[in-house]
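Q: Count along the sequence shown from 1, then add 605; that gives the number in this note's numbering.
Here a beta-carbon is modelled for each residue, glycine too, at the ideal position from N, C-alpha and C.
Values in this document were obtained by computation on a predicted structure and should not be read as measured data.
Questions regarding the structure given below will be posed in turn.
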Amino acid sequence: MIGHRWIARVRTHLLRAWLGLLLVVVLASCSRPDFVALSGYIPGYVADSEVNTWQQIGQTTTDYVIKAPTGTAPATGWTTIVALHPAGGNGQGMVQAFERLPNPPEALILAPTIADQSGMTYDAAAIITHTILEKIKAEYPINPQQIVVFGYSQGGATASVYAQRYPEGVAGVAITGAPVLAYPRQNAPNLKYAIGVGENDPRKEPATTFAQELKQRNYPVEFEVIPGIGHEFAPQYLDMVLSLVSNVQ
Numbered sequence: 606m607i608g609h610r611w612i613a614r615v616r617t618h619l620l621r622a623w624l625g626l627l628l629v630v631v632l633a634s635c636s637r638p639d640f641v642a643l644s645g646y647i648p649g650y651v652a653d654s655e656v657n658t659w660q661q662i663g664q665t666t667t668d669y670v671i672k673a674p675t676g677t678a679p680a681t682g683w684t685t686i687v688a689l690h691p692a693g694g695n696g697q698g699m700v701q702a703f704e705r706l707p708n709p710p711e712a713l714i715l716a717p718t719i720a721d722q723s724g725m726t727y728d729a730a731a732i733i734t735h736t737i738l739e740k741i742k743a744e745y746p747i748n749p750q751q752i753v754v755f756g757y758s759q760g761g762a763t764a765s766v767y768a769q770r771y772p773e774g775v776a777g778v779a780i781t782g783a784p785v786l787a788y789p790r791q792n793a794p795n796l797k798y799a800i801g802v803g804e805n806d807p808r809k810e811p812a813t814t815f816a817q818e819l820k821q822r823n824y825p826v827e828f829e830v831i832p833g834i835g836h837e838f839a840p841q842y843l844d845m846v847l848s849l850v851s852n853v854q
């Protein structure tokens with residue numbers, strides 16, 4: 606009888622310890638800057654967008670959301686925005702960020718959900734994004750000369766790597782709050798950049814250096830420091846994307 610009680614107490618303690626560990630993990634994930642900032646600004650579901658599931662590497666499944674403009678596409682095809690989310694975000698949330706604008710862009714928006722861009726390396730995330738985009742080109746009337754890649758935080762890092770890896774397939778790249786900044790190749794002088802960062806973001810200094818270096822290399826660069834914010838998603842970032850889109854059209 607004593608043995609049974611002892612076993613029961615051990616099980617109870619183990620259960621409490623497991624629940625405590627689970628709570629710590631959940632709280633830690635919710636306290637990540639990307640998760641908190643983005644979840645407060647962008648809800649995670651878009652009811653009227655097309656959601657697709659696509660298999661890429663082994664058992665890794667990547668969802669992507671497509672929001673196409675209404676009406677007939679221009680003869681040259683639609684301008685396209687590839688929107689890359691931060692840690693804790695998803696493609697649906699990135700699309701909805703544009704949908705909530707007073708004047709949403711007349712552009713096709715492609716937003717993949719990549720589970721852990723840094724864990725699989727930003728290069729791998731860029732490859733996945735490119736493969737999805739090539740698939741979409743065969744299904745939608747896209748203007749290959751008017752593709753803008755936009756990302757925030759981890760998504761911004763992936764966007765910078767994407768532009769470095771596929772300069773011939775991008776007209777402009779908007780990089781905001783990125784932890785990693787990949788310099789473009791020398792053979793991409795027509796690539797336009799928009800770089801945004803919060804005034805109190807630890808990434809401000811490297812973003813400033815990155816923008817200055819791009820200007821020295823004669824790249825068209827719009828650089829903006831958002832006053833009064835740290836590492837968080839700012840509506841001004843979307844304005845920068847819209848400005849970049851108008852510059853490539």
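Rank Ser848, Ala678, Pro811 and Asn805 by C-alpha distance to the C-alpha of Glu744 and give the top, closest one.
A: Here the question's residue 744 lines up with position 139 in the sequence shown. Checked all of Ser848, Ala678, Pro811 and Asn805; the closest Cα to Glu744 is Ala678.
Q: Could you tell me the alpha carbon to alpha carbon distance between Gly676 and Gln769, rounded to whole angstroms?
A: Translated into positions along the sequence shown, residue 676 becomes position 71. Translated into positions along the sequence shown, residue 769 becomes position 164. One C-alpha to the other measures close to 34 Å.
Q: In terms of alpha-carbon separation, which member of Thr734, Val687 and Glu827 lies closest to Gln751?
A: Along the sequence shown, read from residue 1 onward, the residue named residue 751 stands at position 146. Of the candidates Thr734, Val687 and Glu827, the one whose C-alpha sits nearest the C-alpha of Gln751 is Val687.
Q: Along the chain, where does the beta strand (DSSP E) containing Ile741 start, and where does it finish?
A: The residue given as residue 741 occupies position 136 in the sequence shown. Premise fails: Ile741 lies in the alpha helix (DSSP H), Tyr727 to Lys742, not in any beta strand (DSSP E).
Q: Are there three or more Cβ pairs, one per stretch, closer than 8 Å when the segment 777 to 794 is compared with the segment 705 to 714?
A: No, the segment 777 to 794 does not touch the segment 705 to 714.
Q: When we look at the beta-carbon of Ser851 and count the other beta-carbons within 10 Å, is it buried (16 or more) or exposed?
A: Locating residue 851 in the sequence shown gives position 246, where the first residue counts as 1. Classification for Ser851: exposed.
Q: Rounded to whole angstroms, what is the Cα-Cα separation between Met699 and Leu689?
A: Along the sequence shown, read from residue 1 onward, the residue named residue 699 stands at position 94. Along the sequence shown, read from residue 1 onward, the residue named residue 689 stands at position 84. The straight-line gap from Cα to Cα measures roughly 7 Å.
Q: Please report how far the alpha carbon of Lys742 lies from the alpha carbon of Ala776, in whole angstroms.
A: Here residue 742 refers to the residue found at position 137 when the sequence shown is read from its first residue. Here residue 776 refers to the residue found at position 171 when the sequence shown is read from its first residue. The straight-line gap from Cα to Cα measures roughly 15 Å.
Q: Drop a sphere of 10 angstroms on the beta-carbon of Tyr788, count the other beta-carbons inside from all chains shown, and report buried for 16 or more, exposed for fewer.
A: Numbered from 1 along the sequence shown, position 183 holds the residue referred to as residue 788. Per the 10 Å Cβ criterion, exposed.
Q: Enumerate in chain order the residues of its own chain whose CB-to-CB distance from Glu829 is below 7 Å, with the five nearest sequence positions on each side excluded.
A: Start at 1 with the first residue of the sequence shown, and residue 829 comes out as number 224. Counting only Cβ-Cβ distances below 7 Å, and skipping sequence neighbours, we find Gly801, Gln841 and Met845.
Q: Determine the direct distance from the alpha carbon of Lys809 to that of Glu832, and round the result to whole angstroms.
A: Stepping through the sequence shown from its first residue, residue 832 is reached at position 227. Stepping through the sequence shown from its first residue, residue 809 is reached at position 204. It is Pro, not Glu, that sits at residue 832 in the sequence shown. Rounded to whole angstroms, Pro832 to Lys809 spans 11 Å at the Cα level.
Q: Rounded to whole angstroms, what's the CA-CA distance from Gln701 to Asn748? Just pull it up for me.
A: Within the sequence shown, numbered from 1, the residue matching residue 701 stands at position 96. Within the sequence shown, numbered from 1, the residue matching residue 748 stands at position 143. One C-alpha to the other measures close to 22 Å.
Q: Within its chain, find whatever has a CB closer than 6 Å to the CB of Asn795; leave out the 5 residues flanking it on each side and keep chain order.
A: Counting from 1 along the sequence shown, the entry for residue 795 is found at position 190. Contacts found: none.
Q: Just verifying my parser: in three-state terms, what is the DSSP assignment at Asp806?
A: The sequence position of residue 806 within the sequence shown is 201, counting from 1. Asp806: coil per DSSP, three-state reduction.
Q: Tell me the rounded alpha-carbon separation between Ala673 and Ser848.
A: Within the sequence shown, the letter at position 68 stands for residue 673. Within the sequence shown, the letter at position 243 stands for residue 848. For Ala673 and Ser848, the distance between alpha carbons rounds to 19 Å.
Q: Based on the DSSP secondary-structure assignment, which residues constitute the bridge partners of Pro707?
A: For the purposes of this step, residue 707 is taken as residue 102 along the sequence shown, with counting starting at 1. Pro707 is not bridged to any residue.
Q: Please list, in chain order, all residues of the same chain as Leu843 whose beta carbon is under 8 Å from its beta carbon, the five residues on each side excluded.
A: Reading the sequence shown from its first residue, position 238 is the one you call residue 843. For Leu843, where only same-chain residues beyond five positions count, the Cβ hits under 8 Å are Ala702, Phe703 and Leu706.
Q: Looking only at C-alpha atoms, which of Tyr757, Val753, Pro710 and Trp683 sits nearest to Tyr798?
A: Indexing the sequence shown from 1 puts residue 798 at position 193. Taking only the C-alpha atoms, the option nearest Tyr798 is Val753.
Q: Based on the DSSP secondary-structure assignment, which residues constitute the bridge partners of Leu715?
A: Position 110 of the sequence shown holds residue 715. BP columns for Leu715 point to Ile671 and Val687.
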